[in-house]
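Q: One structure, as structure tokens, below. Some questions next.
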Ligand SMILES: [Zn+2]
């Protein structure tokens, strides 16, 4: 079975991959609640002869589907969680299925299905050729809470893998060597003394005052941290009735930076600010680390191999109806923002600047900014990993928008997932045929991590 035949097999099972993507899209489940989505993926993998292994306690919606034997052992990462409040029909104006309901605004329905397609194709290849090698589909929940894969790593789920492959829906076709801000997610709970706010304010100590003063301190901190860092917060408990001095109040912070070490040092400074706010208000403070994750550790060997496969295959083409849908979604956005992306990524004078249809060369790809965080970053710190994007949404459509939900449930999205399946399959075909590629990726990983070992951001 040659590479071309194997890629053709994906066209044969395209309907099944689409069906999985759309079924998950129609039933969006939030982080930590992805029961039906995980069960669907488990079922399809079982039907194709994969064995299914569970990951452990507290990770009910995580699993490993495995086929084959011997090395290399290749992990393909799949996600399937949705986002709150971004429910949307297949419509070009904002039109939720359920008001304030969940929606696949990060395209993880596509992410899971695209990875699944590649696992199924490589299973077919291994079965027909009798070649040595193992493919593992990793069902990874809770990505939007940035914690699923961090927990899975801690549970030892990735033991025995030689390398990992990942992709993400976006609005360009590109392979990335720089992505994801490292992150810490921390809740701060202040405890004070409640009292009647008018009758005896002198007896009370306001936990809310402490939260507010901590926020002021954090906002002054911004001037003295690196430009690329991000600190953002919400107040998750601000007390109750105004006539009662709040005894308890709570804030939730994200601290992000391009490198994990910067996140850690900014976190230490923020902890001092929390202590200062407690001191000023005569309250006490405790903090809970909800999660944390790493930035992407690049792997040039895998990145080059990904780029080769992206350009060997043709990105999807679109019919007039699909382009019309993309154009209408673009028109719902700020035109300057859309034009900015078109100028950045499309060849000048392109008559259909709605969906990215080429592949960014590796130099151009450096201008793609992925400043969100992902727990996939952590996987890149325990073994060699690639990362590529495919154009699932029209140019200008941001992730985590209702427009992204709409495109992720349309053929724009499913076509990009099939393209991703083909790229992942092509990469695995090459790796299984030439072990020196696996060795080179691992050697590069060893060199890059020689003086920087992975330490789980999660406490024991
Ligand atoms: Zn995502």
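Numbering (the working numbering), first residue to last: 1213 to 1672.
Ideal Cβ placement from N, Cα and C applies to all residues, glycine included.
Note that the structure is a prediction, hence the values are computed from the model and not measured.
Out of curiosity, what's the CA-to-CA distance linking residue 1667 and residue 1304?
A: For residue 1667 and residue 1304, the distance between alpha carbons rounds to 44 Å.
Q: Identify the continuous alpha helix (DSSP H) that holds residue 1443 and give its terminal residues.
A: Looking at the DSSP string, residue 1443 is not in any alpha helix (DSSP H); the run it does join, the beta strand (DSSP E), is 1442-1449.
Q: Between residue 1320 and ligand 1, is there a pair consisting of the residue's CB and a ligand heavy atom that are separated by less than 7 Å?
A: Correct: residue 1320 has its Cβ closer than 7 Å to ligand 1.
Q: At the level of alpha carbons, what is the spacing between residue 1250 and residue 1243?
A: Residue 1250 and residue 1243: Cα-Cα distance of roughly 12 Å.
Q: May I ask you to list the residues that DSSP assigns as paired with residue 1466?
A: Answer is 1397, 1444.
Q: What did DSSP end up calling residue 1263 once you bin it into helix, strand or coil?
A: The answer is strand: DSSP assigns residue 1263 an E or B state.
Q: Does the Cβ of residue 1532 have 16 or more other Cβ atoms within 10 Å, making it buried, or fewer, making it exposed?
A: By the neighbour-count rule (16 or more Cβ atoms within 10 Å), residue 1532 is not buried but exposed.
Q: Considering only DSSP beta bridges, list what residue 1498 is partnered with.
A: Bridge partners of residue 1498: 1401.
Q: Thinking residue 1252 and residue 1267 are a contact (beta carbons under 8 Å), I'd like their distance in whole angstroms, please.
A: That pair is no contact at about 17 Å.
Q: Are there three or more Cβ pairs, one per stretch, closer than 8 Å when the stretch 1422-1434 is compared with the stretch 1506-1516?
A: Output reads no: the stretch 1506-1516 does not touch the stretch 1422-1434.
Q: Out of 1468, 1333, 1334, 1299, which has the shortest C-alpha to C-alpha gap to residue 1317?
A: It is 1299.
Q: What three-state label does DSSP hand residue 1280 in the structure shown?
A: Residue 1280: strand per DSSP, three-state reduction.
Q: Near residue 1280, what residues of its chain come up, given a Cβ to Cβ distance below 7 Å and the 5 sequence neighbours on each side ignored?
A: So the qualifying residues of the chain are 1338, 1345, 1346, 1347.
Q: Alpha carbon to alpha carbon, what distance is there between residue 1518 and residue 1542?
A: Near 29 Å, if we compare the C-alpha coordinates of residue 1518 and residue 1542.
Q: DSSP three-state label for residue 1602, please.
A: Looking at residue 1602 - three-state DSSP - the assignment turns out to be strand.
Q: What residue from 1632, 1341, 1463, 1389 has the CA that sits closest to residue 1524's CA?
A: Among 1632, 1341, 1463, 1389, the Cα nearest to that of residue 1524 is on 1632.
Q: Using the C-alpha atoms, what's the distance from residue 1392 back to residue 1362?
A: Taking the straight line from one Cα to the other gives about 14 Å.
Q: Any idea what DSSP makes of residue 1345, helix, strand or coil?
A: DSSP places residue 1345 in strand when its eight states are reduced to three.
Q: Residue range of the beta strand (DSSP E) that residue 1552 falls in?
A: From DSSP, residue 1552 is part of no beta strand (DSSP E) but of the alpha helix (DSSP H) over 1547-1557.
Q: Using CA atoms only, rank isn't needed, just tell me which of 1672, 1663, 1643, 1657 is closest to residue 1343.
A: Minimum Cα distance to residue 1343 is reached at 1643.
Q: So the beta strand (DSSP E) residue 1360 belongs to, where does it begin and stop?
A: Careful: residue 1360 lies outside any beta strand (DSSP E), inside the alpha helix (DSSP H) at 1360-1366.
Q: Where does residue 1673 sit, in a helix, a strand or coil, going by DSSP?
A: Residue 1673 falls outside the range modelled here, since the chain spans only 1213 to 1672, and no answer is possible.
Q: Are there 16 or more other CB atoms within 10 angstroms of the CB of residue 1444, so buried, or fewer, so exposed?
A: Looking at its Cβ environment, which holds fewer than 16 other Cβ atoms inside 10 Å, residue 1444 is exposed.
Q: So which of 1247, 1566, 1594 has the shortest CA-CA distance to residue 1353?
A: Of the listed residues, the one whose Cα sits closest to residue 1353 is 1247.
Q: In this structure, how does DSSP classify residue 1350 when only helix, strand and coil are distinguished?
A: Strand, per DSSP.
Q: Classify residue 1640 as buried or exposed, calling it buried when 16 or more other Cβ atoms lie within 10 Å of its own Cβ.
A: Residue 1640 comes out buried.
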